[in-house]
Structure formats: structure tokens, C-alpha cells
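Participant: Below are the C-alpha cells for one structure; questions will follow.
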Amino acid sequence: MTTSRWLRALRATRETLLDLVLPSFCQRCGPAVDDDALPGLCEACLSELTFDPPGPRCPVCAAPLVHRLTARDRQGRTRCLDCRRKRPRHRQVLAVGPFQGPLAELIIRLKYGGERILGQSLGELLAETWRQQAPDLGPWSALVLPIPLSTERRAERGFNQSDLIARPLAARLGLRLDTAALQRQGQGPAQTGRNRHARLAGVSGRFLTTSSRVWGRSIVLVDDVMTTGATLRAATRSLFAGGALAVSWAVVARTPSPR
């Protein structure tokens, strides 16, 4: 086989594999996906997503600060009034948009419908949001860590949705991904539908950090949805105990009015 024929065969094989891994049709509405669109989502569905507007946002809850009452914290950062008395240990948080409409639908279909291709789409969407709205979220040497599931929950679901989102995020931004530095011990109660205090109690002390993997590093924690932030805060405490230098959060969606 000549070199040119070999290259053509290699390209054809690559396209076939990509079609199997990343379908060329929209996972939400069915029509073919344009090559320039995100994997698994067409331009029409992308246009229906509700994004947070560009501009300043609260470093504690990620809510946009446009047209909101604000206050400054001791570090001189502007916060929304809901978060003015909180003392977060994380550096800042980035969210693509509120957990509502098509964005919420996509997360639910990934998390509970098993449509794993949507993890690729949401991860790339989060990466693009990072590039455009929060380029200082973490240094380019930052370590990307997905929020882990318990062994029991992962076996039940078959995958970790935060892992599926974190992989394309790290790849698109050229950051290192580490899925072993942070582990979750014990299953604990499901967090869905629980209030803030119950969520905090449900995750307290449930994360274990391998110090040698995070010592002196800046960390970006990745999760699908931030409601009260209890899970992310518990993981952040564990990372600082393990020697992490700084921790930021990157989530696909936030609840519209975090508390």
C-alpha cells in the first residue's frame, strides 16, 4: 500500500471511530450536528441554553453581579449580599449558567439517563466559558480534579458524570487531570432534595486526599451542579488539609439562588 493510500485509509478509520464515539447527530433533538458545533449538540440547541452574562460575578456562589446589591469582603473582592458574611476557602467559582431550561435537561440526561456523550459536550462548554469569562480561574499549571463518587454510587451509575465533564475541560485547556488525588469514602445519603444543613452533614469528612499529589498545587475542582456548595466545600477542606495551595471551582450549572 502506498503512503497516500495508507493515509486515506487511516483518516477513514479515524472518522469511523469518531462517528462511533462522538455521534454526528444532536443528542437533544436529533438532526445532524455541524462540524463546528460541540460534540452531540446542534447549533439550535446551543442557542437555547441560558448562559450567565459576561461581567463580574460573586466569587462565592458564581451569581452575576450585574443589577445586584453587592458588598466588599476583607480581601477587597465584590460579593453579592447573600454571600457577604460567608468565609469561603475557595478562590473563586465559575458556572456556565443557572440550573434551568435546556442546560438542566442536558445534565439530567447525562447523570440519570446515561447519555455519556453529553459529558463531552458539557466539558467543552465549560472550557469555553472559562476561556471567555474567567481566564484567571486557575494558573495554567493547575491540576483538574473531578468531584469523586463513592465506590457504591459509581458502581450503581456506571460512571462519574463529573469525571466525564472534567476530561474534555482539561484536554481543551491543556491542563493535567488527576482522578486519583481525591477519593470519597462511604456512600452517604443522596444530596438531591436536601436542605443546606442536611447537605453539609451528609458530606462532612467524606473526602480523602493523597497529599503527595496535591501538595503545593493550585486545584480546579469540577462538578456538574452546585446547589449549596456543601460537597465542593467538603472536598476543598480535604485538599487544603493535604497541602493544596489554592482551590477554585468550575461547575456546569449553579442553582439560580444559592444559599
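Going by my numbering, 214 is the number at position 117 of the sequence shown; the sequence numbering is gapless.
C-beta: ideal position from N, C-alpha, C; glycine also.
Whole angstroms are fine: how far does the CA of residue 215 sit from the CA of residue 169?
Facilitator: Their Cα atoms are separated by approximately 38 Å.
Participant: Closer than 8 Å is the cut-off here; do at least three beta carbon pairs connect the segment 199 to 215 with the segment 238 to 247?
Facilitator: Judged by Cβ distances under 8 Å, the segment 199 to 215 makes no contact with the segment 238 to 247, as fewer than three pairs qualify.
Participant: Would you decide whether residue 226 is buried or exposed? Buried here means 16 or more other CB atoms lie within 10 Å of its CB.
Facilitator: Counting Cβ neighbours within 10 Å, residue 226 comes out buried, since at least 16 surround it.
Participant: How would you call residue 325, buried or exposed, if buried means at least 16 neighbouring beta carbons within 10 angstroms?
Facilitator: So residue 325 counts as buried.
Participant: Kindly indicate which residue of 321, 305, 157 and 247 has the alpha-carbon position closest to the one of residue 331.
Facilitator: It is 305 whose Cα lies nearest to the Cα of residue 331.
Participant: Within this structure, are the beta carbons of residue 311 and residue 278 separated by less than 8 Å?
Facilitator: Their beta carbons are under 8 Å apart, which means residue 311 touches residue 278 by this criterion.
Participant: Using a Cβ-Cβ cut-off of 6 Å (strictly less than) and excluding sequence neighbours within five positions of residue 292, which residues of its own chain qualify?
Facilitator: Because residue 292 carries a pLDDT of 49, less than 50, the predicted location of this residue cannot be relied on, and the following value inherits that uncertainty. Nothing meets the Cβ criterion.
Participant: Could you pull out every residue in the same chain whose Cβ sits closer than 7 Å to the Cβ of residue 235, ignoring the five residues on either side in sequence?
Facilitator: Answer for residue 235: 315, 317 and 345, listed in chain order.
Participant: Can you find the residues in the same chain that come closer than 7 Å, C-beta to C-beta, to residue 155, ignoring five residues on each side of it along the sequence?
Facilitator: So the list reads 162, 176, 177 and 180, once near-sequence residues are dropped.
Participant: Which residues does DSSP list as the beta-bridge partners of residue 154?
Facilitator: In the DSSP output, where bridge partners are listed per residue, residue 154 has 161.
Participant: Is it buried or exposed for residue 253, if we count other Cβ within 10 angstroms and need 16 for buried?
Facilitator: It is exposed - the Cβ of residue 253 has fewer than 16 other Cβ atoms within 10 Å.
Participant: Return the chain-ordered list of same chain residues with a C-beta closer than 8 Å to the C-beta of residue 126, the five sequence neighbours on each side being excluded.
Facilitator: Excluding positions up to five away in sequence, the list reads 139, 141 and 142.
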